[in-house]
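S.K.:
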Amino acid sequence: MVGTVSLAPAAAAQTPEPTPSTSSVPLSTAETGGVTILKKDPGGDVLAGASFTLLDSEGRQAASGKTNTDGQLAFEDLAPGVYRLKEVSSGSLLHDLVDDQDVIVTPGADTPLTIIDPYKPATVTLKARDNKSGKLLPGSTVNIGTGDTTVLTLTTGVGGTASAKLPVNSRTGTHFWVKETKAPSGYDLYKPSMSFTAKPGSPVTVTVTNAKTTSTAPRSSEKPSGKPTTDESTSDKPTPDQGDSTSAPSDAAVVAETPSSTASPAPEGTLAHTGADATPWLLGGAGILLAAGAGAVFAARRRRVDDDSDGPARS
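So the sequence shown is numbered by UniProt numbering: it starts at 1 and just counts up by one.
Have a look at this one:
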């Protein structure tokens with residue numbers, strides 16, 4: 001038996017359309033955008049060597065680079081969208097980093113950014129010491145400021161020190177003043193105002209010295225020794241109502257302040273003061289007595305003369 005072979009009709013050959021690959025087709029310039037960065041410091045000087053990284057919306061690195069000698073950096077051919085710009089290094093020992101920020105990239109345009117790096121803050125350390133022993137003292141409070149503005153307030157702790165970051169706005173440093181507002185317990189306030197200059201990123205130490213309080217003024221309830229007051233000098237003279245008691249009345253101090261209580265007491269044997277001045281009457285009475293005595297003497301002398309003149313006639 002002879003076998004037969006059946007041939008199927010030939011299929012029409014068709015060339016399939018290729019499927020485009022989005023990963024292999026670059027975006028045109030009109031479909032992409034970019035970011036240009038200009039880096040400066042607060043004084044306006046451009047900063048070279050600052051490093052930046054650009055992250056896409058998924059947190060993946062889309063671009064990175066450093067600013068050139070003109071302080072510029074360009075990221076190009078970026079797909080449109082929102083990116084996160086992160087400064088990795090300022091490239092300077094004097095400057096600090098800026099916070100991360102979002103950047104929007106639009107098709108066919110470059111997004112310009114001017115980034116200003118602040119100066120690094122100085123680290124200020126406050127110390128309060130005993131002016132003689134040098135012992136560190138807790139509880140000293142000072143204000144630190146510049147111009148008319150108080151920048152920060154520090155209080156020394158149990159170790160006698162306190163530290164904080166101090167903002168600096170100049171490459172050569174910022175001038176600050178220091179004023180103690182509260183002294184440690186048992187010490188006098190340090191009244192002079194001091195000053196110092198803090199440079200970017202540098203530590204600085206400020207020391208106030210306090211003297212121990214030496215005031216020995218007696219309390220109001222105590223009387224100074226060796227100098228009796230007016231109420232003490234009069235308290236040992238009994239009043240008619242007190243009899244022989246030598247204690248001063250409770251309001252003796254008030255009484256002692258009045259002018260009448262400071263007058264010296266009348267000597268024993270003198271007449272009691274009645275409130276009226278008897279001096280004119282005494283002087284008048286004395287005059288009358290003198291006149292009467294002079295008259296009596298004159299009459300006695302006249303009688304003797306008369307007797308002498310009559311004597312010879314009687315013999």
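Heads up, the beta-carbon is just placed ideally off N, CA and C, and yes, glycines get one too.
1) How is E87 classed by DSSP in three states: helix, strand or coil?
2) Figure out for me which residue from S195, P200, G201 has the closest Cα to the Cα of H175.
3) Compute the beta-carbon to beta-carbon distance between L137 and D148, rounded to the nearest angstrom, for a pair I have assumed lies under 8 Å.
4) Could you give the residue range of the beta strand (DSSP E) that holds P138?
5) With DSSP as the reference, label E31 as helix, strand or coil.
6) Classify L93 as buried or exposed, calling it buried when 16 or more other Cβ atoms lie within 10 Å of its own Cβ.
7) On the DSSP bridge list, what partners appear for N131?
8) Pairs of beta-carbons, one from the region 110 to 118 and one from the region 149 to 165, closer than 8 Å: are there three or more?
9) For D41, report the span of its beta strand (DSSP E) as first-last.
10) Which term fits S261, buried or exposed, when burial requires 16 or more other beta carbons within 10 angstroms of its beta carbon?
11) If we ignore side chains and look at the alpha-carbon of each, how far apart do N143 and A162 end up?
12) For S23 and P80, what's the separation of their Cα atoms in angstroms?
13) In the DSSP assignment, what are the bridge partners of P112?
14) What's the call for E58, buried or exposed, on a 16-neighbour Cβ count within 10 Å?
15) Can you check whether the CB of D99 is closer than 8 Å to the CB of R84?
16) Using a Cβ-Cβ cut-off of 6 Å (strictly less than) and excluding sequence neighbours within five positions of P167, which residues of its own chain qualify?
17) Could you give the DSSP three-state label for Y190: helix, strand or coil?
18) If distances are taken between C-alpha atoms only, which option among Y190, V204, K199 comes closest to T213?
19) List the residues that DSSP assigns as beta-bridge partners of V124.
20) Take A211 as the anchor and find which of S133, G157, W177, T141 has the nearest alpha-carbon.
21) Which of helix, strand or coil does DSSP assign to N68?
22) Looking at the structure shown, is R76 part of a helix, part of a strand, or coil, going by DSSP?
23) Give me the Cα-Cα distance between T172 and V206, rounded to the nearest whole angstrom.
M.R.: Quick look at the numbers:
1) strand
2) S195
3) The Cβ separation is near 29 Å, so there is no contact.
4) Segment: none, P138 is in no beta strand (DSSP E) and carries neither H nor E.
5) helix
6) exposed
7) The partner list for N131 (beta bridge, DSSP) is empty, contrary to what the question assumes.
8) no
9) D41 -> no beta strand (DSSP E), and no H or E assigned at all.
10) A caution first: S261 carries a pLDDT of 42, below 50, which makes its placement in the model too unreliable to give a value.
11) 12 Å
12) In this prediction, S23 has a pLDDT of 43, which is less than 50 and means its spatial position is unreliable; nothing more can be read from the coordinates.
13) T36
14) exposed
15) no
16) P121
17) coil
18) Y190
19) A164, V204
20) S133
21) coil
22) The sequence shown places Glu at residue 76, rather than the Arg named in the question. Looking at E76 - three-state DSSP - the assignment turns out to be strand.
23) 19 Å
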